[in-house]
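Chemist:
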DNA sequence: ACCCAGGGTCATA
DNA sequence: TATGACCATGGG
């Protein structure tokens, strides 16, 4: 659709295979059920996953991991339960919004029958679910052929020059969905690999020797990172 | 003592 | 439409 990428810019497929061969399959998303994946997607907003795990464990411990039982827990009690994940008052509301939506439409199995466009639009209509969270849910809870764009994706693509400066969410998303073959499993691995790369590489030394992307990386330390 | 994390909403200009 | 404040815990 858009013009061909200049041959000098690394291809999306090449970036994917490089990360995959270096780190191996990540097998995302961690979560026992589709509902738990959805809850994790809310809780991990601007939050380290290790803190999300604590909140998820508490929800399981009090047997709260269904839409009905989560709604049955009061908002205040729910906020206390998810406290380790931060922003707990806001997240308690968002979890309730999500659960209310599920119950209104007949549960997870019912909404799972919808086509991807409809499901995405409905998810985005929930207060507290933005583009990334919606795509997390579509990809990892409902196995849809959707790529998730996050801050790391933007940073990485910008630094190694695959974006041509256009960082708009939908453009970036479409680009990966078009250029990377393999469907949902590949999209899921790619997003996970990008996050894993950010977590493990170049935090302290921007051009560390173990970086599989070498000089093209310079990625992971701060929102701005080293220039170029 | 800072900075950041697997974002999103809302109020301003 | 485009920024900025805000949420808030826990680890580096």
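Residue numbers (this note's numbering): 12 to 239.
Heads up, the beta-carbon is just placed ideally off N, CA and C, and yes, glycines get one too.
When you compare the CB positions of residue 84 and residue 75, do they come within less than 8 Å of one another, or not?
Modeler: Closer than 8 Å, so yes.
Chemist: Might you give, ordered along the chain, the residues of its own chain that have their beta carbon closer than 6 Å to the beta carbon of residue 203, omitting 5 neighbours on each side?
Modeler: Correct list, in chain order: 37 and 39.
Chemist: Determine the burial state of residue 184: buried for a count of at least 16 other Cβ atoms within 10 Å of its Cβ, exposed for fewer.
Modeler: Result: buried.
Chemist: Would you tell me roughly how many angstroms separate the C-alpha atoms of residue 80 and residue 69, rounded to the nearest one?
Modeler: So the two alpha carbons sit approximately 14 Å from each other.
Chemist: Skipping 5 residues on each side, what residues in its chain have a beta carbon closer than 6 Å to that of residue 160?
Modeler: Around residue 160: 180, 183 and 184.
Chemist: Report the three-state DSSP secondary structure of residue 12 (helix, strand or coil).
Modeler: Per-residue confidence for residue 12 stands at a pLDDT of 41, beneath the threshold of 50, marking its modelled position as unreliable; the derived number appears in the next sentence. Looking at residue 12 - three-state DSSP - the assignment turns out to be coil, as it is neither helix nor strand.
Chemist: Are there 16 or more other CB atoms within 10 angstroms of the CB of residue 210, so buried, or fewer, so exposed?
Modeler: It counts as exposed.
Chemist: Put residue 136 into one of helix, strand or coil per three-state DSSP.
Modeler: The answer is coil: DSSP assigns residue 136 none of H, G, I, E or B.
Chemist: Does the distance from the CB of residue 130 to the CB of residue 149 come in under 8 Å?
Modeler: Taking 8 Å as the Cβ cut-off, residue 130 and residue 149 qualify as a contacting pair.
Chemist: Can you tell me which of 177, 157 and 165 puts its alpha carbon nearest to the alpha carbon of residue 188?
Modeler: Ranking the options by Cα distance to residue 188, first place goes to 157.
Chemist: Taking the alpha carbon of residue 65 as the point to measure from, which residue in 147, 143, 118 and 95 has its own alpha carbon closest?
Modeler: The residue with the shortest Cα to Cα distance from residue 65 is 95.
Chemist: Go ahead and pull the three-state DSSP assignment for residue 75.
Modeler: In this structure, residue 75 counts as coil in the three-state DSSP scheme.
Chemist: Residue 121: buried (16+ other C-beta within 10 angstroms of its C-beta) or exposed?
Modeler: Answer is exposed; the Cβ neighbour count stays below 16.
Chemist: Give the straight-line distance between the Cα atoms of residue 22 and residue 73, rounded to the nearest whole angstrom.
Modeler: When rounded, the distance between both Cα atoms is 47 Å.
Chemist: For residue 152, which residues from the same chain have a beta carbon less than 7 Å from its beta carbon, with the 5 sequence-adjacent residues on both sides left out?
Modeler: Result list for residue 152: 45, 48 and 49, in chain order.
Chemist: Does the beta-carbon of residue 59 have 16 or more other beta-carbons within 10 angstroms, so that it is buried, or is it exposed?
Modeler: The residue is exposed, with fewer than 16 neighbouring Cβ atoms inside 10 Å.
Chemist: Would you grab the beta carbon distance between residue 139 and residue 53 for me? Rounded to a whole angstrom, and I think it's under 8 Å.
Modeler: That belief holds up - the Cβ atoms of residue 139 and residue 53 are roughly 6 Å apart, short of 8 Å.
Chemist: Tell me the rounded alpha-carbon separation between residue 190 and residue 198.
Modeler: For residue 190 and residue 198, the distance between alpha carbons rounds to 11 Å.
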